[in-house]
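For the sequence shown, the residue numbers in my numbering are 1 to 127.
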Amino acid sequence: MEEIADYSLEIQIATQFLDEESEPDDDRYVFAYTIRIRNLGRLPAQLVSRHWIITDANGRVEEVHGDGVVGEQPRLEPGEQFTYTSGATLPTAVGTMEGKYDMLGDDGTRFDAPIPPFTLAVPRTLH
Numbered sequence: 001m002e003e004i005a006d007y008s009l010e011i012q013i014a015t016q017f018l019d020e021e022s023e024p025d026d027d028r029y030v031f032a033y034t035i036r037i038r039n040l041g042r043l044p045a046q047l048v049s050r051h052w053i054i055t056d057a058n059g060r061v062e063e064v065h066g067d068g069v070v071g072e073q074p075r076l077e078p079g080e081q082f083t084y085t086s087g088a089t090l091p092t093a094v095g096t097m098e099g100k101y102d103m104l105g106d107d108g109t110r111f112d113a114p115i116p117p118f119t120l121a122v123p124r125t126l127h
């Protein structure tokens with residue numbers, strides 16, 4: 001039987017291009033992303049901070065650090081999930097995001113929850 005880790009998170013991401021908020025003529029492309037974080041571990045854990053690496057199609061990298069997500073620092077019991085939507089503005093029609101959440105377990109253990117790379121793209125720009 002497979003042993004369940006004390007700390008394990010599942011992170012799922014969905015993205016959307018916000019056409020009505022974007023201004024391509026001014027190199028302004030606005031995207032929304034919805035992230036669902038689910039605690040698959042045996043112990044509760046709290047999301048303390050985030051670190052994003054955002055790369056546009058020109059290779060320009062922006063790093064974002066901050067406390068929590070959307071003004072919250074959710075604490076997830078085993079089996080619980082937290083879903084939030086946020087956004088990013090790029091100067092190009094395509095870009096990527098990746099990063100990590102800094103997590104704190106109830107027993108004082110700190111660990112990183114990697115956020116896998118995902119693509120932000122205006123529909124019909126990638127083949």
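We put the beta carbon where it would ideally sit given N, CA and C, even for glycine.
Quiz item: Fully enclosed by the stretch 27-76, which alpha helix (DSSP H) runs are 4 residues long or longer?
Solution: none
Quiz item: In three-state DSSP terms, what is D106?
Solution: Walking along the sequence shown from the start, residue 106 turns up at place 106. Residue state, collapsed to three classes: coil.
Exercise. Could you have a look at D6 and say whether DSSP puts it in helix, strand or coil?
Key: Here residue 6 refers to the residue found at position 6 of the sequence shown. The answer is coil: DSSP assigns D6 none of H, G, I, E or B.
Self-check item: DSSP three-state assignment for E23, whether helix, strand or coil
Solution: Walking along the sequence shown from the start, residue 23 turns up at place 23. Reduced to three states, the DSSP call for E23 is strand.
Quiz item: My guess is that L30 and T125 are in contact by the Cβ rule of under 8 Å, so how many angstroms apart are they, rounded?
Solution: Against the sequence shown, residue 30 aligns to sequence position 30. Against the sequence shown, residue 125 aligns to sequence position 125. According to the sequence as given, residue 30 is Val; it is not Leu. Their Cβ separation, rounded to whole angstroms, is 14 Å, which puts V30 and T125 out of contact at 8 Å.
Quiz item: Three-state secondary structure (DSSP) at V122?
Solution: Here residue 122 is taken as the residue at index 122 of the sequence shown, counted from 1. Looking at V122 - three-state DSSP - the assignment turns out to be coil, as it is neither helix nor strand.
Practice problem: With a 10 Å radius around its C-beta and 16 neighbouring C-beta atoms as the bar for buried, classify G95 as buried or exposed. | Solution: Walking along the sequence shown from the start, residue 95 turns up at place 95. Its Cβ being crowded by 16 or more others within 10 Å, G95 is buried.
Quiz item: Exposed or buried, which one is L120 when buried takes at least 16 other CB atoms within 10 Å?
Solution: Here residue 120 refers to the residue found at position 120 when the sequence shown is read from its first residue. Buried, since its Cβ has 16 or more Cβ neighbours within 10 Å.
Practice problem: Kindly indicate the opening and closing residues of the beta strand (DSSP E) around L90. | Solution: Within the sequence shown, the letter at position 90 stands for residue 90. Here the beta strand (DSSP E) through L90 covers Q81 to L90.
Quiz item: Contact check, Q46 vs Q73 under 8 Å by CB: the rounded distance?
Solution: Numbered from its first residue, the sequence shown carries residue 46 at position 46. Numbered from its first residue, the sequence shown carries residue 73 at position 73. Between Q73 and Q46 the Cβ distance is about 6 Å, and since that is below 8 Å, they are a contact.
Self-check item: L129, buried or exposed, once every other Cβ within 10 Å from all chains shown has been counted against 16
Solution: A question about residue 129 goes unanswered here, because the residues of the chain that appear run from 1 up to 127.
Quiz item: Run through DSSP, which three-state label would P131 get?
Solution: Within the shown structure, residues of the chain are numbered from 1 to 127, placing residue 131 beyond reach of any answer.
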